[in-house]
Each structure stands twice: as structure tokens, then as C-alpha cells.
Amino acid sequence: MTVKHNRLAGTFGLALLVVAAIGVAPRVVLTAAPPAVPGNVTFSRDIAPILQRSCQNCHRPDGVAPMSLVSYAEVRPWARAIKQRTSIGPKAGVMPPWYVEKNIGIQQYKNDPSLSDLEIAMVAKWADTGAVEGNAADLPPARTFDDANTWAIGTPDLVIKTKDVVVKANTPDWWGEIESVPIGLTEDRYVAALQIREVNDVPSKDPGGRTTVGGRYVFHHMIWATDQGGGGGTNTPWPVHEVGRGADFFPPEAGRLLKKGESVVSNSIHLHSNGRDTTAHLEIGFKLLPKDYKPTLKPSQSRGLGNGLDISIRPNEANQQLHAYTVLQENTKVTSFEPHLHAPGARMCLEAIWGLNIQTLTCAGYDHNWVRGYDYADDVAPLLPKGTILHITGYMDNSPANRNVPDPRNWQGSGNRSVANMFIDLGQGVALSDEQFEQEMIKRRQSTKADVIIGCPLCNTVQRPMGTSNQQ
Ligand code: HEC
Numbered sequence: 016m017t018v019k020h021n022r023l024a025g026t027f028g029l030a031l032l033v034v035a036a037i038g039v040a041p042r043v044v045l046t047a048a049p050p051a052v053p054g055n056v057t058f059s060r061d062i063a064p065i066l067q068r069s070c071q072n073c074h075r076p077d078g079v080a081p082m083s084l085v086s087y088a089e090v091r092p093w094a095r096a097i098k099q100r101t102s103i104g105p106k107a108g109v110m111p112p113w114y115v116e117k118n119i120g121i122q123q124y125k126n127d128p129s130l131s132d133l134e135i136a137m138v139a140k141w142a143d144t145g146a147v148e149g150n151a152a153d154l155p156p157a158r159t160f161d162d163a164n165t166w167a168i169g170t171p172d173l174v175i176k177t178k179d180v181v182v183k184a185n186t187p188d189w190w191g192e193i194e195s196v197p198i199g200l201t202e203d204r205y206v207a208a209l210q211i212r213e214v215n216d217v218p219s220k221d222p223g224g225r226t227t228v229g230g231r232y233v234f235h236h237m238i239w240a241t242d243q244g245g246g247g248g249t250n251t252p253w254p255v256h257e258v259g260r261g262a263d264f265f266p267p268e269a270g271r272l273l274k275k276g277e278s279v280v281s282n283s284i285h286l287h288s289n290g291r292d293t294t295a296h297l298e299i300g301f302k303l304l305p306k307d308y309k310p311t312l313k314p315s316q317s318r319g320l321g322n323g324l325d326i327s328i329r330p331n332e333a334n335q336q337l338h339a340y341t342v343l344q345e346n347t348k349v350t351s352f353e354p355h356l357h358a359p360g361a362r363m364c365l366e367a368i369w370g371l372n373i374q375t376l377t378c379a380g381y382d383h384n385w386v387r388g389y390d391y392a393d394d395v396a397p398l399l400p401k402g403t404i405l406h407i408t409g410y411m412d413n414s415p416a417n418r419n420v421p422d423p424r425n426w427q428g429s430g431n432r433s434v435a436n437m438f439i440d441l442g443q444g445v446a447l448s449d450e451q452f453e454q455e456m457i458k459r460r461q462s463t464k465a466d467v468i469i470g471c472p473l474c475n476t477v478q479r480p481m482g483t484s485n486q487q
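First residue of the sequence shown? That's 16 in the working numbering, and the numbers climb one at a time after it.
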């Protein structure tokens with residue numbers, strides 16, 4: 016079921032008004048006290064560790080980012096720009112590109128590279144106090160980047176390469192099929208994680224060409240599956256590839272099965288010229304689970320909650336809302352949230368409605384240059400009973416302030432092209448039997464002292480295990 020309303024800027028959805036009125040939505044309230052920044056901030060002691068952890072996987076020689084941020088000499092000229100880009104909050108332009116809002120919803124995600132408030136304040140103070148180097152003896156050892164950490168999933172056990180395609184500088188968008196690629200497995204194996212990356216001949220230093228959505232890449236998406244072929248085999252869909260999208264880590268109890276003899280198949284790739292002649296292919300990296308692994312839960316599934324069909328976004332207007340709803344047919348552990356919008360997309364929120372209980376699970380900004388998915392940490396992944404209504408709200412900025420929109424005078428509708436629109440949450444979830452659901456809720460009660468657990472509306476109905484009472 017999908018429902019859509021366009022609302023005037025500045026008004027809120029009915030659900031949000033209800034929440035405001037009866038005040039039942041638990042929110043994580045950050046302490047108001049300003050973070051304590053050390054008296055003097057130096058590159059060597061305070062800033063280098065932040066850059067190593069959160070920036071250098073892209074900002075290093077041969078990384079995807081325009082400049083290296085490794086040595087003091089490289090970083091110093093960018094001090095003001097670094098202060099600016101780290102301090103703008105979870106929206107388009109922030110570095111690192113990670114947009115989860117920190118004042119609402121669940122706060123623990125896997126592989127979260129974002130800076131804490133204290134780190135952001137330290138970067139600002141460093142830039143404002145002369146961006147000094149400090150004592151070289153304070154420098155942490157340089158971070159090394161071998162193949163294992165250029166893949167976010169670690170060195171894959173299997174890498175499948177699609178055939179090279181050539182996309183000319185000025186060709187229109189193209190959608191179509193790829194030739195299938197055999198995976199070559201001789202026995203069934205379960206998959207722990209998956210990552211897809213585009214390998215092309217665009218130089219990393221001076222990519223030239225266009226600076227539109229996607230930058231240096233030509234594969235805008237690939238919707239794909241694995242298939243044993245011959246018509247009779249299975250066809251297993253896997254998470255979509257999109258430019259800028261990160262890796263997928265499947266829940267440890269719900270590995271995804273890759274069958275022997277399967278090939279990678281796709282009848283929906285989307286090629287989009289980057290403004291220069293480019294030869295490119297995709298590498299699909301699989302991290303496998305041990306041979307004797309057996310899943311205890313059903314495989315995770317993509318929600319595909321949303322509306323890609325009748326979107327209508329007015330010209331020259333910021334803060335337009337789209338809404339979509341679905342009712343969960345099974346008890347579900349929600350393992351990830353993945354806003355999928357196009358150029359006007361500025362923000363998306365995911366909310367769970369269970370009776371009178373309305374909880375915002377996640378709100379995240381959106382930048383169509385960086386299509387991100389957010390994997391909930393295992394011990395906070397929402398546990399929602401069947402019958403829960405999931406509600407997504409998309410916030411569209413079709414105004415000159417959104418630099419991803421080429422011409423905000425245009426009305427924006429639905430469709431597949433990069434200039435048309437989508438409004439979907441591609442997040443994943445795992446279906447749970449009643450018994451599994453109860454067990455997961457008991458574990459959740461054990462792992463927290465909170466009375467109200469965001470994302471677990473029925474946690475208070477399960478018996479708290481002996482000896483773990485939260486009575487103070
Ligand atoms: C996932 C890859 C990635 C990560 C992680 C990342 N960056 Fe970037 N950064 C980029 C890319 C690509 C660009 C160019 C596109 C843009 O400006 O958005 C960029 C642009 C920038 C710019 C603007 C450069 C200019 O020309 O004005 C600054 C400053 C910057 N990054 C700083 C940082 C800092 C500081 C961090 C860590 C706190 C960081 N970045 C983390 C990829 C990344």
C-alpha cells in the first residue's frame with residue numbers, strides 16, 4: 016500500500032502532529048553542554064587520528080576524493096574547507112558523506128565514519144587557531160591501505176567481473192541487459208557480505224568531464240540476481256548496485272545463499288555518460304561464511320517500500336513532502352535503512368507505528384551524489400511485530416539551494432532516468448517466527464537498561480530475565 020500527499024512547506028504530517036500532541040515518541044536527547052575541546056589543538060595529536068579513521072579511505076593518493084589528506088603539508092591548505100565541510104550537519108556536502116541525524120532515532124550503525132560533536136569542535140578550533148602542526152612525535156603511525164581495506168568488506172573470497180562496456184562522452188542514458196557471468200562455485204555457500212565497485216579508466220587526479228550526479232562513474236545502477244540458468248533454476252535477487260552505494264553486511268544469523276553453478280544475471284543496468292569516453296566494468300566481491308555455516312533465520316529481504324510511479328514535485332520550492340506506508344505482514348527485524356531518492360531528495364525519515372506508539376527509527380539527510388545505506392548495529396536493529404505500519408517521509412528540495420538539481424524551474428515527475436524521480440526505502444529486514452521474535456526481544460531486554468527501547472514497541476511485554484532488573 017502506498018499513499019502520497021504533497022504538503023505545503025512548513026506543515027507537518029498528521030502522524031507527527033499526533034506525536035507532538037501526546038508526546039509518545041521517544042527521542043534521544045543529546046546533552047546540551049558544549050563538548051570540552053582541549054586548550055590547544057594540534058594536527059599531529061588531535062586531527063591526524065580523525066583524518067585516518069574517517070577521511071583517508073577516500074582522501075589519499077589514488078583515492079576517489081580530489082585531494083589527499085595524509086601529511087600535514089597536504090592537509091594544511093584545506094584547513095578552512097575541512098572545518099566548513101565537517102560542520103554543516105547531516106546534509107548534502109558534509110564530510111564524511113554520512114547523513115544520519117544525531118538528535119532523533121537510533122544512533123548505533125555499523126561502519127559509521129561520522130565525527131562526534133567533540134571532534135567537529137576540535138577540527139573547528141584547529142582551523143581557527145592557525146592550523147598548527149604540533150609535535151611530530153604525537154603522530155599516530157600512518158594508516159596503510161592494502162587491498163583488504165579498499166574493500167569495505169575486507170578482502171573478498173570471490174570477485175566476479177562483468178564484461179567491459181564503453182560509454183562514449185555524449186551518448187544518452189542506456190538501459191539493458193548484461194551477458195551473464197558464471198560464478199564458478201562447485202558447492203553451495205552462504206554469504207556474509209557483498210560489495211560492488213566500478214573499475215574504469217577515468218584517471219583519479221583529473222577526471223575532467225561532467226560534475227553531475229555520479230561524477231566519474233558510468234554504471235548508475237544494476238538490478239541483478241544469481242541464477243542457475245536453463246530455465247528451471249532459482250533466481251535469487253541481491254541488493255541493487257548504485258553509484259556511491261556502500262557494502263551490504265547480512266545479519267550473522269541470516270546469511271544469504273549462493274548456489275553452486277549460479278551465474279550473475281541482470282536485465283536492468285543503467286549507463287549514464289560521465290562526459291568522457293569511458294571503459295568500465297563492475298567487480299562484485301563476496302565475503303563467504305564458513306563451509307559448515309547454517310542460518311538460524313530466514314534470509315533478509317529488501318522492503319522496497321515507496322512510490323516510484325506518481326511523484327509530483329513542484330518547481331522552485333524547498334521542503335516538499337512525499338509519504339508512503341506499508342503494513343508488516345510478519346514479525347520483522349529491520350536490519351537497515353536505505354533512502355533512495357533522486358536529485359531533489361534532501362532527507363528521508365523512517366517511522367514505525369504500533370497502536371498508539373509512534374517511533375522515529377531514523378532520519379537521514381540525502382545527497383544524490385552519495386547514495387548511502389545504513390545498517391543498524393545488531394543489538395539495536397528494530398524488532399517490529401507483524402501489523403506494524405512502516406511510514407517513510409521524503410523531503411524534496413527542488414529549489415536553487417539544491418546543487419544536484421540542474422534546473423529547479425522544472426516540475427519533477429516519476430521515471431527511471433537520472434533526471435526523473437524515485438521515492439523508496441530499499442532497506443533490508445528479516446522475518447521472524449513468533450518464537451524467534453520473543454527470543455530476540457528477551458535478548459534486547461538483557462542488553463539495555465532503558466524502559467522504552469526505540470524500535471521495539473513490545474519489548475516491555477516480555478519477561479525481563481532474572482537478575483537484570485533495571486530497578487535502581
Ligand atoms: C567516501 C569517500 C570520502 C570520505 C570518507 C571523505 N571524503 Fe571528502 N570528498 C570526497 C569526494 C569524492 C569529494 C569531492 C566531491 C565533493 O566535493 O563532494 C570530497 C570533497 C571534500 C572537500 C572539498 C574539496 C574542495 O574541492 O573544496 C573537503 C574539504 C573534504 N572532502 C574533506 C573531507 C574530510 C575532512 C573527511 C573526513 C572527516 C572526508 N572529506 C571524508 C570523498 C570523501
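Virtual Cβ for every residue (Gly too), placed ideally from N, Cα, C.
Keep in mind that this is a model prediction, so the values were computed, not measured.
**OP:** Inspect the beta-carbon positions of T294 and D412 and report whether they are closer than 9 Å.
**Re:** No, the pair does not count as a contact, with Cβ atoms beyond the cut-off.
Original post:
For W93, which residues of its own chain have a beta-carbon under 8 Å away from its beta-carbon, when the five flanking residues on both sides are left out?
Top reply: Result list for W93: M82, L84, in chain order.
Original post:
Under the three-state reduction of DSSP, which class applies to K176: helix, strand or coil?
Top reply: K176: strand per DSSP, three-state reduction.
**OP:** Could you tell me which residues DSSP puts in a beta bridge with R204?
**Re:** R204 pairs with L273.
Subject >> For R460, the first and last residue of its enclosing alpha helix (DSSP H) >> reply: Bounds of the alpha helix (DSSP H) holding R460 are 449-462.
Original post:
Can you tell which of P305, K313, V280, S102 has its C-alpha closest to the C-alpha of L297?
Top reply: Cα-wise, what sits closest to L297 is V280.
**OP:** Out of L376, E332, D325, N282, state which residue places its alpha-carbon closest to the alpha-carbon of T415.
**Re:** Correcting the residue identity first, residue 415 is Pro in this sequence and not Thr. If you compare the alpha carbons of L376, E332, D325, N282 with that of P415, the shortest gap goes to E332.
Subject >> Cβ contact (3+ pairs, closer than 8 Å) linking the stretch 374-387 and the stretch 252-270 >> reply: Under the Cβ criterion (8 Å, minimum of three pairs), the stretch 374-387 counts as touching the stretch 252-270.
Original post:
At a cut-off of 8 Å, is A80 close to the ligand HEC when judged by its beta-carbon and the heavy atoms of the ligand?
Top reply: Checking every heavy atom of the ligand HEC against the Cβ of A80, one is found closer than 8 Å.
Original post:
How is the alpha helix (DSSP H) around P64 delimited, first residue to last?
Top reply: First-last of the alpha helix (DSSP H) with P64: 63-69.
Subject >> Which listed residue (Q478, G470, C474) has its alpha carbon closest to that of I119 >> reply: Among Q478, G470, C474, the Cα nearest to that of I119 is on G470.
Subject >> Contact the stretch 156-172 vs the stretch 131-143: 3+ CB pairs below 8 Å >> reply: No, because fewer than three Cβ pairs between the stretch 156-172 and the stretch 131-143 fall closer than 8 Å, the two stretches do not touch.
Original post:
Based on the DSSP output, what are the partners of H74 in its beta bridges?
Top reply: The partner list for H74 (beta bridge, DSSP) is empty, contrary to what the question assumes.
**OP:** Just mark P330 as buried or exposed, buried being the case when its beta carbon has 16 or more other beta carbons within 10 Å.
**Re:** Exposed, since its Cβ has fewer than 16 Cβ neighbours within 10 Å.
Original post:
Per DSSP, which one or two residues make a beta bridge with Y381?
Top reply: Answer by DSSP bridge pairing: none, since Y381 is not bridged.
Original post:
To which residues of the same chain is L31 closer than 6 Å at the C-beta, ignoring the five residues directly before and after it?
Top reply: Any reading at L31 must be qualified, since the residue scores a pLDDT of 33, below 50, and its modelled position is unreliable; no value is offered.
Original post:
beta strand (DSSP E) containing W426: first to last residue?
Top reply: Taken as a continuous stretch (DSSP letters only), W426 belongs to no beta strand (DSSP E), as it is neither H nor E.
Subject >> Cβ pair count under 8 Å reaching 3, the stretch 364-378 against the stretch 392-407 >> reply: Taking 8 Å as the limit for Cβ pairs, the verdict is that the stretch 392-407 does touch the stretch 364-378.
**OP:** Give every residue of the same chain whose Cβ lies closer than 8 Å to the Cβ of T57, excluding the five residues on either side of it in the sequence, and list them in chain order.
**Re:** Cβ within range, chain order: W141, V147, E148, G149, N150, D153.
Original post:
Alpha carbon to alpha carbon, how far is I328 from L337?
Top reply: In a straight line, the C-alpha of I328 is about 9 Å away from that of L337.
**OP:** Count the other CB atoms, across all protein chains shown, that sit within 10 Å of the CB of G444; report buried if there are 16 or more and exposed otherwise.
**Re:** When all chains shown are included, G444 counts as buried.
Original post:
For the candidate residues V420, R100, N322, M363, whose alpha-carbon lies nearest to that of T408?
Top reply: Looking at the Cα atoms, M363 is the closest of the given residues.
Original post:
Can you list, in chain order, the residues of its chain whose CB lies under 6 Å from that of M237, leaving out five sequence neighbours each side?
Top reply: Result list for M237: H256, S281, I284, in chain order.
Original post:
If you drop the 5 nearest sequence neighbours on each side, which residues of the same chain put their C-beta closer than 6 Å to that of L286?
Top reply: Around L286: V182, W189, V233.
Original post:
Using DSSP with H/G/I as helix, E/B as strand and the rest coil, what is E298?
Top reply: In the structure shown, E298 sits in a strand (DSSP, three-state: E or B).
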